[in-house]
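Chains as they are written, first to last, in the working numbering: chain A, 1 to 488; chain B, 489 to 847.
Note that the Cβ used here is the ideal one computed from N, Cα and C, for glycine as well.
A quick write-up on the structure given underneath.
Structure below.
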């Protein structure tokens, strides 16, 4: 069996640290990934090494130069012939279990978000004057301001959506933060590859970021690392985030991104005989891409009555598209616990369909997808995953706002297919109850560059603004050798 | 109630073992009875495209998920005519309780008796018993309360006693009981919910106390922890039981039972964990892929399906939420199939329910 080594440990030799093997297997291929296990003292030393190097090599680069460097690395990953890209394409399907073609298409789509023009967009979204990241700039209120990124930004990644760590990695680099990332056990490959690639593209960066691992719940390692950090970003379930937050010193900034629940709205305008099948195809795409594991992935589609194609027929179109997708991108193998959770969800839908004529379970037990249709709007709730989706009929899309409202803490993305005059009022109402991202069907799993993740600022949340107040400027002027004290 | 069927079933339970053909014959007769007499089950079978004509063996009977005991009335006899109704403790989904209707409790009791005598009493006619669970009057809808009441009534000595009430455990009373048993040299039995044992062991550990029960004493625990106590790995649990009570692990027996069944399964002690669980001749188990319902390849983990012929009025065949793997003459129980943690960053059902329960 192949063994692949994860992590990026500047200043440490492989023989100086312990290693643990994480087993992976999918589609008949086996792989074990070797992740580094550092002693708390080694973690502290590594964090300090990164801080020192980034003060010297990263904080001194203009932001436009950082954009060029990240862009160069991303371009290599976009090149199908590049050896790093090929390695990512080979390893990620085994590690994540996702279909290889789905991973390839997903990766290409995602990476485009991090080319130079898009990276500039990230900066421009958060800073009206991007030069703020390089030097003091005049402030409209008087005086001058400058933005400083963290000395050490710690990322605690989670989950197996391939390449997802790139989002926060790129944001950290754009604000010139020294980076220490904790690999997710479910996908330890991409962040490791990207760190090594950056080091190739611009060798001084090799020392400005470290990629490590420790077992979830290892409080000693966490305390060692968080003690060195001035900002900690954590992804994961609320319980895991609470655990991390409890370990971060109060003097450090903590940014947590929890699990979310996405859904879709399909209005009458998308439900004529021409548009309905295409709409169903886009909805199926959002379900299939990353197997509903993304925070933006849909679990429920609410479909408006009154179109030429009624909601039940739309559910059948969706089922047909999911059946098609299974041919092209077979579903990943489910672990027993996942299969049991999905079976439990299916059973509940089956029992509802037996008790209520208005409910229908589409897709038999052997199918790698399930559509549970209901003539009455069902409450918003996660499905069993594994391409299982709820479709509810509603008289009007506005009804859905009240169904979403109780789950404000878990809302994020809503995919919408509706007429233009519905879009803004719906967005207003959804935004009010907690939704932070409204996008087209088919785009739910590809947020655009500069997206305000969970309604937050990607870069602005990371920096510390330093101000020279107008009084300091005036006082300095008065102390100049050329000051003319008799003038105002 | 179909008395001929009940009589046939009682005779079947009373006989000494059975052949595959005999098991199938009774299973099919019960399936036909339930298919005809239970509308909810009939619809369930229709959904699966299964009729009494297509079912050739007990393995073909569609397994009803235990959640259906919450959603539907799974009873051939009118539900309000049941002699006893056992309800699930409702630990997994708020206040919705699964209901199991027993038109006569005679079958349940018959299924209990001989099986308990063989697997727990092992030839001893009666033992002094300490019960760590509330009595039947306090929990009339608990199948475990009924089980322990029967155990005490049929196999306990007159000086047996309960040490758990609705208010909690009488720790000092139990201590005194065990001290007396130690002094008497007469073997005794301690039976109860696993979590009650954890509470008592914690109290013993805090006091630095332990017992050495006389030879022949034994322990029966059941039911897991149900969030009522801290989770203890099996190895630690049985090591602590053996240490706290002075009873060899081979005499610490775990009973595997469910409200949705009428028959209990046992292991032959827990010297090695997880231990092999098996039942009497009127219950058979399969290990399946929960999505397809097909048997998993030998040696692989799957979800347990039980075909309990003593479930004459509800459904014989149920799909549990328990993970098992085939072993010896039975299976190893590997815990519940829960905690399907989100692998990505999409909200998992479990976390959603936990959040909903808190708010």
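- Scanning chain A for C-beta atoms nearer than 7 Å to the C-beta of residue 811 of chain B yields 336, reported in chain order.
- Around the beta carbon of residue 160 of chain A, 16 or more other beta carbons lie within 10 angstroms, which makes this residue buried.
- Under the Cβ distance rule, residue 422 of chain A does not count among the residues neighbouring chain B, no pair being separated by less than 8 Å.
- Close to residue 260 of chain A, with beta-carbon spacing below 8 Å, are these residues of chain B in chain order: 833, 834 and 835.
- Inclusion of residue 272 of chain A and residue 415 of chain A in the CB contact set at 8 Å is not warranted, their separation being larger than that value.
- At least one C-beta of chain A is nearer than 8 Å to the C-beta of residue 778 of chain B.
- From the listed residues B/563, B/674 and B/653, the smallest Cα separation to residue 681 of chain B is found for B/653.
- In summary, the residues of the segment 289 to 309 of chain A whose CB is separated from some CB of chain B by less than 9 Å are 290, 291, 292, 293, 294, 295, 296, 297 and 299, in the order they occur in the chain.
- For residue 28 of chain A, no CB of chain B lies under 8 Å from its own CB, so it is not counted at the interface with that chain.
- Contact annotation for residue 531 of chain B against chain A: 354 [CB-CB distance below 7 Å, chain order].
- Annotation: residue 469 of chain A to residue 134 of chain A spans about 18 Å, alpha carbon to alpha carbon.
- By the Cβ-count criterion, residue 486 of chain A is exposed, with fewer than 16 other Cβ atoms from all chains shown falling within 10 Å of its own Cβ.
- With contact defined as three or more Cβ pairs closer than 8 Å, the segment 95 to 104 of chain A and the segment 326 to 338 of chain A are in contact.
- Residues of the segment 535 to 568 of chain B with a C-beta less than 7 Å from any C-beta of chain A: 535, 553, 555, 556, 559 and 560, listed in chain order.
- Shown here for residue 631 of chain B: same chain residues with a beta carbon closer than 6 Å to its own, the five before and five after excluded, namely 574 and 747 in chain order.
- For the pair residue 107 of chain A and residue 168 of chain A, the CB atoms are not nearer than the 8 Å cut-off.
- Among the residues of the segment 432 to 462 of chain A, none has a Cβ less than 8 Å away from any Cβ of chain B.
- The C-beta of residue 655 of chain B has fewer than 16 other C-beta atoms within 10 Å across all chains shown, which makes the residue exposed.
- Your pair residue 813 of chain B and residue 805 of chain B does not check out as a contact, with CB atoms roughly 20 Å apart and the cut at 8 Å.
- In the three-state DSSP reduction, residue 649 of chain B falls in the strand class (E or B).
- Closer than 8 Å at the C-beta level to chain A, one finds these residues of the segment 772 to 802 of chain B: 777, 778, 779, 780, 781, 789, 790 and 791.
- For the segment 408 to 421 of chain A, the residues whose beta carbon sits under 9 Å from a beta carbon of chain B are, in order, 409 and 410.
- In this structure, the alpha-carbon of residue 403 of chain A lies about 40 Å from that of residue 774 of chain B.
- At a cut-off of 8 Å, the C-beta of residue 92 of chain A has no neighbouring C-beta in chain B.
- In terms of beta-carbon proximity, residue 348 of chain A lines the interface with chain B, with at least one pair separated by less than 8 Å.
- The segment 172 to 179 of chain A makes contact with the segment 201 to 209 of chain A: 3 or more CB pairs, one atom from each, lie closer than 8 Å.
- Between the segment 315 to 325 of chain A and the segment 383 to 401 of chain A, the count of C-beta pairs closer than 8 Å reaches three or more; the two stretches touch.
- Comparing C-alpha distances from residue 695 of chain B to each of B/701, B/702 and B/687 shows the shortest one belongs to B/687.
- Within the same chain, 321 come within 6 Å of residue 281 of chain A by CB-CB distance, once the 5 residues on both sides are set aside.
- One finds nothing in chain A with a Cβ atom closer than 9 Å to the Cβ of residue 819 of chain B; even the nearest lies about 14 Å away.
- Under DSSP, no beta-bridge partner is assigned to residue 491 of chain B.
- Residues of the segment 235 to 251 of chain A that bring their beta carbon within less than 7 Å of a beta carbon in chain B comprise 235, 237 and 238, in sequence order.
- At a cut-off of 8 Å between C-beta atoms, residue 509 of chain B does not count as an interface residue with respect to chain A.
- Taking a contact to require three or more Cβ pairs closer than 8 Å, the segment 214 to 223 of chain A and the segment 442 to 458 of chain A do not qualify as touching.
- In terms of Cβ geometry, residue 262 of chain A and residue 245 of chain A do not form a close pair [threshold 8 Å].
- Residue pairing of residue 709 of chain B in beta bridges, as defined by DSSP: B/680 and B/742.
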